[in-house]
Amino acid sequence: MDKPTSRFQLRELARLTHLSTTGVKAALKRLLAEKIIKTEREKSYLFYKANFDAQEYKWTKKFYNIARIVSSGLLKYVDEELNRPEAITLFGSAARGEDAEKSDIDIFVLSENKKELHLKQFEKKLGKPIALQIFNREEFETAKRKNKEFINNIVNGILLKGHIQIL
C-alpha cells in the first residue's frame, strides 16, 4: 500500500515480508480474487501490482490511509493542539484511495483556534508531506461562496472527527 505504483515478483514479496513463498502465494491469490491487485507479465516473468482502477483497491487504500493517520498520532495531535476543532477531514487523493508515493496528505480543519502546527514528525512517520488547511467559520463561509470546488473536495472527503455544517 505504501508503494502502489511498484510491481513485485512472488519471491521478492516473500523476501520483503519474511514469509514463505507458499504463504505469500496464498495471500496473493486472495488479493487477486478480491481485485485489490492484478498481475502483469513481462517476458516469462509474472509481476503483482495494485489494481488502481478497481473500487475494491480504492476502499482498501482509504481504510489503510485512515488507519495510518490515526496510528501515527496526527489526528490526536491536531485535535489537542487546536483545542477540539469542530471538524477534521481527510480530502484529496488520500480520501479517494488514489494516492501514490509522491502524493501528499490533505487535511482540512474547521477551528476557531488557529496556530502553526509542527508536522515534521508525522510527515516522517507517514512518509508523505501533510497539507493542513485550517479555516475558521468565517473563512469557511467565504470559501463556500468563492471556492465551491475546494468545499466540494472537503465535503466529499472523509470526516475523521466532528461535523461540518454546510447549510
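So the sequence shown is residues 806 to 972, counted in the numbering used here. Ideal Cβ positions, reconstructed from N, Cα and C, are used throughout, including at glycine. Keep in mind it's a predicted model, so treat the numbers as computed, not measured.
Compare the Cα-Cα distances from Val829 to each of Ile841, Gln814, Pro809 and report the closest residue.
Against the sequence shown, residue 829 aligns to sequence position 24. Cα-wise, what sits closest to Val829 is Gln814.
Review point. How is the beta strand (DSSP E) around Thr892 delimited, first residue to last?
Key: As a first step, residue 892 must be located in the sequence shown, where it is residue number 87. Before going on, a small fix: residue 892 reads as Ala here, not Thr. From DSSP, the beta strand (DSSP E) with Ala892 extends over 892-896.
CB-CB under 8 angstroms to Pro934, same chain, minus the five flanking residues each way: which ones, in chain order? In the sequence shown, the residue the question calls residue 934 occupies position 129. Same-chain partners within the cutoff: Asp909, Ile910, Glu928.
*Those residues which DSSP pairs with Asp911 across a bridge*: Residue mapping note: residue 911 aligns to position 106 of the sequence shown, counting from 1. According to the DSSP secondary-structure assignment, Asp911 is paired through a beta bridge with Phe896, Ala936.
Going by DSSP in three states, Ile971 sits in which element: helix, strand or coil?
In the sequence shown, counting from the first residue as 1, residue 971 sits at position 166. In this structure, Ile971 counts as coil in the three-state DSSP scheme.
Please state whether the Cβ-Cβ distance between Val883 and Leu922 is less than 8 angstroms.
As a working note, residue 883 is residue 78 in the sequence shown. As a working note, residue 922 is residue 117 in the sequence shown. For Val883 and Leu922, yes; Cβs fall inside 8 angstroms.
Could you name the residues of the same chain whose beta carbon sits closer than 8 angstroms to that of Ile841, not counting the 5 residues immediately before and after it, in chain order? Here the question's residue 841 lines up with position 36 in the sequence shown. Scanning its chain for C-beta atoms nearer than 8 angstroms, with the 5 sequence neighbours on each side dropped, one finds around Ile841 the residues Ala855, Asn856, Ala859, Glu861, Tyr862, Thr865, in chain order.
Alpha-carbon to alpha-carbon, Leu821 and Asn957: Position 152 of the sequence shown holds residue 957. Position 16 of the sequence shown holds residue 821. Taking the straight line joining both Cα atoms gives about 40 angstroms.
Find out if the Cβ-Cβ distance for the pair Leu964, Ala892 is shorter than 8 angstroms.
-> For the purposes of this step, residue 964 is taken as residue 159 along the sequence shown, with counting starting at 1. For the purposes of this step, residue 892 is taken as residue 87 along the sequence shown, with counting starting at 1. The answer is yes: Cβ separation under 8 angstroms.
Check: In this structure, does DSSP put Ala855 in helix, strand or coil?
Finding: Residue mapping note: residue 855 aligns to position 50 of the sequence shown, counting from 1. It is a strand residue.
Give me, in chain order, the residues of the same chain whose beta-carbon lies closer than 6 angstroms to that of Gly962; leave out the 5 immediate sequence neighbours on both sides. By one-based count along the sequence shown, residue 962 stands at place 157. Within its own chain, the residues whose Cβ lies closer than 6 angstroms to the Cβ of Gly962, once the five positions on either side in sequence are excluded, are Thr894, Leu895, Phe896, Ala900, listed in chain order.
Gly967 to Leu833, Cα distance in whole Å? Position 162 of the sequence shown holds residue 967. Position 28 of the sequence shown holds residue 833. Across the structure, Gly967 and Leu833 are spaced so that their CA atoms are roughly 37 angstroms apart.
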